[in-house]
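Chains as they are written, first to last, in this note's numbering: chain Y, 5 to 518; chain X, 451 to 946. Beta carbons are placed, not taken as given, at the ideal position from N, Cα and C, and that holds for glycine. To start, the structure under review is shown below, and the notes come after it.
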């Protein structure tokens, strides 16, 4: 097994599939589209298989990177092709590999125009996403990080809803704005470290004064991606206008790029700055949770409501990460994985209705339980998981985050918990309006329940959410060592720096006005 | 050699080839009196052949690391100049190749086109290899005059004549500035030779330099800013780009920009390197203003060529960032950026030249590309590669160009400039994306305008150039080393 570059294969297999589809110059439009669908499905399934092999062979007791592949990419600049996974990135790789076949299956019939381009875009996207989570070289990471924008721009812009052009531009430019600043920070680190290798950079302590600037530059890109209030405005537009599978990828994986960045870069590389900015992050996280939940309450568009709920859930993630506590960070990771499954499933639920009725307005629905009992059950399961019902993965993540946060800040925990109540309110209210009540709308009377394809799509998501909720130990042990490693590094740096330039105990305002 | 000094003519064979072929084409054109497209096509092939021949000779003559001086120190060549010459010759040849099939559609079949392009190219070669302000002047004028005439080649077209006149008058002004600056420098340093000026500055810098030298340098900088169309000397660019026939615009936008920028670099980090601290602020300001103006002024443009003009102003601002850094990273950055920019701009113009309206008039406005991804999927794909690359999105080549430039700026401590550059690249991304959006997201108009890009005119030459440039830009991330290594060798040639 060791001789095969397993990780590189996992990353680039989807690209190979995309190439195969692009070479498929058939004459007949229908046949070409079908070929594209099947090639995309099989490619993503084999990628999923490969990522499972990675998981099986992964040693959770080691804190280092595994399955490393490394060679000189641009020797002149000592920029290398360097990939590897640890306990933090592997779950996210698995999440990406699981969601991609689901995306392709769910677009099987709903996408009828330019099918091969659509499938190519998704496969390229998968390469980029897995690449982001496994890249161990800054330039490589950045290439993947921004490369995501191109296929996503096309997915929203070509196959999206009525305001798709506006949403595609907003998404592209907003996230580009965030990430160009991190490019400058990466270049600065490059000169400090003498190369762009991430494991190397992780061992080098930066001057706390510089750290603040580097931290801000990285924060700009990750806070936009995750997204945090007040950088969230691109998200509702992009989610609403994207096709169902696009929303699934956006909510399921793209948002996690921000969280992953915070854990991988901000915490271990800039510990002093992270400690310094923790109050700010806490404030923004709590605002994200409460504000987004309040906004979600008044939404009339189902997709928009779920989009805002994503912002609220991501607030828990940032809160958890910056507790810099084992439980908090593990909770944040669990929350990311669980949100990846749950929000993806919720967008799929909306997609199911949209395919049948072509409306996302809540008022157009009501009483669906009478005609779609199976759908009502699935939808209820995911709504409850989103609320954080014990027994679902949502509960595990939020509980761990709150436990972690409680040790650091009582007020932030209290306010975040309030957000959970609001979360229950908007989610259950949405469910009541769509599923219960009398079936009066004539359009809905002849609506069909979930078909076999949709059952296949939902089954793994239901299973995943349940397993993670009832028995999260495999996931937690997977990440335990790596998370502990990050936190040790963080604490060590802070201890050795006590009395340094930045006093982590000093509050933000005082330090800013010095 | 006795009392005669015979310069080593062997070394300027590439220039000789170009001059001789220009003269031959001129002769044949005059005596045969052929104005048909077929003879024009033959001339065009001669031109491409001459440029490629010159390129081949140049490459075989040059040994890396070697440096020679001839014509009594007037002309030199080292790795840096070699690289610039390769770019200029490739750029000119590629533009000839892409513009061939549509010259007749633009009503240009006069044979003067070819000699002018070849002589302009000689002028550019002379510019970059000049080692003296007088020789540099000859090169600048040779290039400039050829371009003014080229712009006016289509005499019957009012916009072209107007553009040519604007170009000429502002160009003449820049020439005056140059001459005044050069004479000031001569007056205060006693020489026009780059090395001699450098040594004067080195000696005098210990006891305080005279202001006159610096004033002269400012005039030179102003004139060179005109040539690279950097703010505040950019005003001619949008009008000339829009007014000229598109093949001429493509020529003006490609190789001359590279030549002028290399001259800029050589003047600033050659003789005046020691005045670095004095001139850096000026270059930083020019670069800053160009990037901002290029980004914001292009936002509202609807005309494609005008948009590309503002985009060129912005892109030159990025290259100037490398000049401002004035270190090895900076020179590398300038060369990587120029190489990739040349390829991207030739590709972009190549795509635009091929797309024609029903009556074969060229595409004018952004709307003329609406929904063409359904009509010409491959062409749209290639054009969108160039657009994403110009916007600097990885993994395309334009990203690596920006990476190099930002790297140079950060290594020189120009953090503010780098931040402004990064932010303005986001603004600029908007209009590059707008072209992609029009091609992919918009529908084919029901009543297409006369200039709507419905027809695709391709020739084998165009296909070759477009495919090669698209492949270089698309797959640059796989094999970046050749270009980067050449840039590194170029950077080592300058004494920094």
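(1) Excluding five sequence neighbours on each side, which residues of the same chain lie with their C-beta closer than 6 Å to the C-beta of residue 360/Y?
(2) Who are the Cβ neighbours of residue 845/X in its own chain at under 7 Å, not counting the five residues just before and after it?
(3) Suppose the cutoff is 7 Å on Cβ atoms and the five residues either side in sequence are ignored; what does the same chain contact list for residue 457/Y look like?
(4) Could you list which residues in chain X have their beta carbon closer than 9 Å to that of residue 175/Y, in chain order?
(5) Please return the same chain residues whose Cβ sits closer than 7 Å to the Cβ of residue 909/X, not counting the five positions on each side in sequence.
(6) According to DSSP, is residue 85/Y part of a helix, a strand, or is it coil?
(7) Taking a contact to mean a Cβ-Cβ separation below 8 Å, would you say residue 740/X touches residue 766/X in this structure?
(8) Out of curiosity, what's the CA-to-CA distance linking residue 862/X and residue 728/X?
(9) Candidates 499/X, 478/X, 498/X: which alpha carbon is nearest residue 489/X's?
(10) Closer than 8 Å is the cut-off here; do at least three beta carbon pairs connect the region 62-76 of chain Y with the region 19-30 of chain Y?
(11) Going along chain Y in order, which residues have a C-beta closer than 8 Å to the C-beta of residue 845/X?
(12) Just to confirm, does residue 36/Y get its C-beta within under 7 Å of one of the non-hydrogen atoms of the ligand GDP?
(13) Under three-state DSSP, which class holds residue 77/Y?
(14) Quick one: does residue 890/X have its CB under 8 Å from some CB of chain Y?
(15) Report the option in 871/X, 855/X, 790/X whose CA atom is closest to the CA atom of residue 835/X.
(16) Could you list which residues in chain X have their beta carbon closer than 9 Å to that of residue 400/Y, in chain order?
(17) What does the Cβ neighbour count give for residue 460/X, buried or exposed, with the cut at 16 atoms within 10 Å?
(18) Here's the rule: buried if 16 or more other CB atoms are within 10 angstroms of the residue's CB, otherwise exposed. What is residue 195/Y?
(19) Which residues in chain Y have a C-beta closer than 7 Å to the C-beta of residue 868/X? List them in chain order.
(20) By the three-class DSSP mapping on this structure, what secondary structure does residue 917/X have?
(21) Please report the distance separating the alpha-carbon of residue 745/X from that of residue 163/Y.
(22) Find the nearest neighbour of residue 784/X within the set 719/X, 874/X, 487/X, 917/X, judged by alpha-carbon distance.
(23) Taking a cut of 7 Å between CB atoms, which residues from the region 217-234 of chain Y lie near chain X?
(24) Can you check whether the C-beta of residue 161/Y is within less than 8 Å of a C-beta belonging to chain X?
(25) Do the region 196-204 of chain Y and the region 230-239 of chain Y make contact, defined as three or more Cβ pairs closer than 8 Å?
(26) Under 7 Å Cβ-Cβ, which residues of chain Y neighbour residue 860/X?
(27) Taking the alpha-carbon positions, what's the residue 459/Y to residue 26/Y distance?
(28) Quick one: what's got a C-beta closer than 6 Å to residue 905/X's C-beta in the same chain, skipping five residues either side?
(29) DSSP three-state call for residue 355/Y: helix, strand or coil?
(30) Pick out whichever of 78/Y, 81/Y, 93/Y, 423/Y has its Cα sitting closest to the Cα of residue 11/Y.
(31) Which chain X residues sit within Cβ distance under 8 Å of residue 79/Y?
(32) Starting from the N-terminal side, write out each stretch of the alpha helix (DSSP H) that is 4 residues or longer and does not extend beyond the region 750-820 of chain X.
(33) For residue 887/X, return the contacting residues in chain Y, with the cut-off set at a CB-CB distance below 8 Å.
(34) What residue range does the beta strand (DSSP E) around residue 527/X cover?
(35) Using a C-beta to C-beta distance shorter than 7 Å, which residues of chain Y count as neighbours of residue 876/X?
(36) Could you run through the region 94-122 of chain Y and flag, in chain order, every residue whose CB is less than 7 Å away from some CB of chain X?
In brief:
(1) The answer, listed in chain order, is 451.
(2) These residues qualify, in order along the chain: 927.
(3) The beta carbon of residue 457/Y sits closer than 7 Å to those of 109, 112, all from its chain and outside the five residues before and after it, given in chain order.
(4) In chain order: nothing, as chain X lies at least about 11 Å away.
(5) Shown here for residue 909/X: same chain residues with a beta carbon closer than 7 Å to its own, the five before and five after excluded, namely 550, 551 in chain order.
(6) Strand at residue 85/Y.
(7) Yes, Cβ-Cβ distance for residue 740/X and residue 766/X is below 8 Å.
(8) C-alpha of residue 862/X to C-alpha of residue 728/X: approximately 15 Å in a straight line.
(9) Of 499/X, 478/X, 498/X, the smallest CA-CA separation from residue 489/X is found for 478/X.
(10) No: the two stretches stay apart, fewer than three of their Cβ pairs being nearer than 8 Å.
(11) What residue 845/X touches in chain Y: 147, 151.
(12) With respect to the ligand GDP, the structure offers nothing, as it holds no ligand at all.
(13) Strand at residue 77/Y.
(14) Answer yes: the Cβ-Cβ gap between residue 890/X and chain Y drops below 8 Å somewhere.
(15) Residue 790/X is the option with its Cα nearest to residue 835/X.
(16) Result: empty, since nearest Cβ-Cβ is about 36 Å, beyond 9 Å.
(17) So residue 460/X ends up on the exposed side.
(18) It counts as exposed.
(19) Within chain Y, the residues near residue 868/X are 188.
(20) Three-state DSSP puts residue 917/X in a helix.
(21) Rounded to whole angstroms, residue 745/X to residue 163/Y spans 29 Å at the Cα level.
(22) Per the Cα distances, 719/X.
(23) From the region 217-234 of chain Y, no residue has a Cβ closer than 7 Å to chain X.
(24) Interface residue, yes.
(25) No, they do not touch.
(26) Ordered by position in chain Y, the residues that pass the 7 Å Cβ test against residue 860/X are 188, 191, 192, 195.
(27) Approximately 30 Å, taken between the alpha carbons.
(28) Result list for residue 905/X: 806, in chain order.
(29) DSSP places residue 355/Y within a helical segment (H, G or I) once states are collapsed to three.
(30) Closest option to residue 11/Y, Cα to Cα, is 93/Y.
(31) Going along chain X in sequence order, the residues near residue 79/Y (Cβ under 8 Å) are 931.
(32) You should have 754-775, 778-804.
(33) Proximity of chain Y to residue 887/X at the Cβ level (cut-off 8 Å) is accounted for by 161, 169, 172, 173, in chain order.
(34) Unbroken beta strand (DSSP E) run through residue 527/X: 525-527.
(35) Neighbours of residue 876/X on chain Y, chain order: 177, 180, 181, 184.
(36) Correct list: empty, as no residue qualifies.
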